[in-house]
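Chemist: Numbering (this note's numbering) for the sequence shown: 1 to 293.
Built from N, CA and C at the ideal position, the CB exists for glycine as well.
Bear in mind the structure is a predicted one, so any value in this text is a computation, not a measurement.
Attaching a single structure in structure tokens format; questions to follow.
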Amino acid sequence: MAITPDQQTSAMSSVSEMLRIFDVEPDGPSSFVGASDGGARQVVDGTQLLAQSLVATAKTLPDKVVRSAHAVFSRAVDAAVPVRFTVDVTHCGRSMASTVVAVEQAGRRCATVSVLADTPTEDVVRHHVPRPAVPGPTVALPANMPMIGRNLRVVGVADVNDPDEVGPPELHAWLHYDPVPERDDLGKALLAHFTGHLSVSTTLRAHPGIGTAQAHHGLSTAVMTVSVRFHEPVEWAGWLLYSHESIQIGAGMSCVRGLVHTESGRLLASFTQEAMIRRPRVDEATVPARARL
1 MAITPDQQTS AMSSVSEMLR IFDVEPDGPS SFVGASDGGA RQVVDGTQLL AQSLVATAKT
61 LPDKVVRSAH AVFSRAVDAA VPVRFTVDVT HCGRSMASTV VAVEQAGRRC ATVSVLADTP
121 TEDVVRHHVP RPAVPGPTVA LPANMPMIGR NLRVVGVADV NDPDEVGPPE LHAWLHYDPV
181 PERDDLGKAL LAHFTGHLSV STTLRAHPGI GTAQAHHGLS TAVMTVSVRF HEPVEWAGWL
241 LYSHESIQIG AGMSCVRGLV HTESGRLLAS FTQEAMIRRP RVDEATVPAR ARL
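So this is what it looks like as structure tokens:
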């Protein structure tokens, strides 16, 4: 049966729904439970689990703010099954605190997220890397990555998935979110959520004939780690610029580093991401495409 435009819109992810999903619910001492949104795929984005882990830590340490996190994704997560987040507070002092969040589904560990939190203090000195001098969002090209409340535009690239879109291994993406959350933890969760979305495309852009349109079909790709650091209070209005640079690809793994600036040039966050990029194994042919890595 054909899907009508109205049905497609009603099934589409939205920023409001993602914020609700990020806002994990307490379920016992140091434990939280959350739902997922896999979109058209059965497999949950690792950065959703990262975002939820940030919120779980913030709720466990309400007198601290999250400063950085490193996530390792070890097993695929089914979007239809609840996910449990168990927060182990490894240290909580007057200034610094740290947690390790165990992300589990059906009793199996799927990811581990290490989080650093602190009590912010005044500056001693201050500087940051400037925003890249790229064209603004009004001249960037709309990208086909639909989410209600999120406007995504990519600088100089019409289709980030197209194997024929060849250029340097870098991508600059402008994003506009509606709503922008007022809570610090949800703002950081929303920033972290997009850090893995264009990294594989950034890497493959430098290689003719290979593109993310082939992911889960002719290519086996998966985000394996994400590290994110928050440099400023995550308050913003208007557009954000996510800048991606692929610094290495080889032996089946890629590495991308990135920055998140406001349109006015304030550096909110930086991130690094490792992804698996390999030819599919023979036994993967029996797995439905929407459930493949």
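1) Ordered along the chain, which non-local residues of its own chain (more than five positions away) have a Cβ less than 7 angstroms from that of V226?
2) Only counting the same chain, and skipping five residues up and downstream in sequence, which positions put a Cβ closer than 7 angstroms to that of T60?
3) Between which two residues does the alpha helix (DSSP H) holding H193 run?
4) Quick check on Q42: does DSSP put it in helix, strand or coil?
5) Pull up the distance between the alpha-carbon of M18 and that of L219, whole angstroms please.
6) Which residues mark the beginning and the end of the beta strand (DSSP E) in which V90 is found?
7) Quick check on this structure: which residue in H231, I247, V101, L204 has the alpha carbon closest to the alpha carbon of R126?
8) Following the continuous alpha helix (DSSP H) through E245, name the residue where it begins and the one where it ends.
9) Could you give the DSSP three-state label for R278: helix, strand or coil?
10) Check whether the Cβ atoms of V53 and V113 lie closer than 9 angstroms to each other.
11) Could you pull the start and end residues of the beta strand (DSSP E) that M224 belongs to?
12) Within the continuous alpha helix (DSSP H) that includes T202, where are the two ends?
13) If G169 and T203 are in contact, beta carbons under 8 angstroms, what's the gap, nearest whole angstrom?
14) Between S95, A79, A140, V115, which lies nearest to T121 when the distance is taken from Cα to Cα?
15) Starting from R20 and walking both ways along the alpha helix (DSSP H), at which residues does that stretch end?
16) Should the segment 228–247 be called in touch with the segment 72–81, which here means at least 3 C-beta pairs below 8 angstroms?
17) With distance defined between alpha-carbon atoms, name the residue in G167, D184, V157, H172 nearest to K64.
18) Does the distance from the C-beta atom of M276 to that of G258 stay below 9 angstroms?
19) If you draw a straight line from the alpha carbon of F85 to that of M145, how long is it in whole angstroms?
Modeler: Reading off the structure:
1) G46, T47, L50, A71, T195, G196, F271, Q273
2) S30, V87, V89, T99
3) It spans 184–193 - the alpha helix (DSSP H) in which H193 sits, taken as one unbroken run.
4) coil
5) 28 angstroms
6) Residue 90 is actually Thr in this sequence, not Val. Going by DSSP, T90 is part of the beta strand (DSSP E) stretching over 83–92.
7) H231
8) Note, E245: premise wrong, no alpha helix (DSSP H); beta strand (DSSP E) at 239–250.
9) strand
10) A small correction: the amino acid at residue 53 is Ser; Val does not occupy that position in the sequence shown. Contact flag set, yes.
11) 220–230
12) 199–204 is the extent of the alpha helix (DSSP H) around T202.
13) Reading off the sequence shown, one finds Pro at residue 169, where the question assumed Gly. P169 to T203, Cβ: 6 angstroms. Contact.
14) S95
15) 15–22
16) Judged by Cβ distances under 8 angstroms, the segment 228–247 makes no contact with the segment 72–81, as fewer than three pairs qualify.
17) D184
18) When the beta-carbon positions are compared, M276 and G258 stay at least 9 angstroms from each other.
19) Going from the Cα of F85 to the Cα of M145 covers about 28 angstroms.
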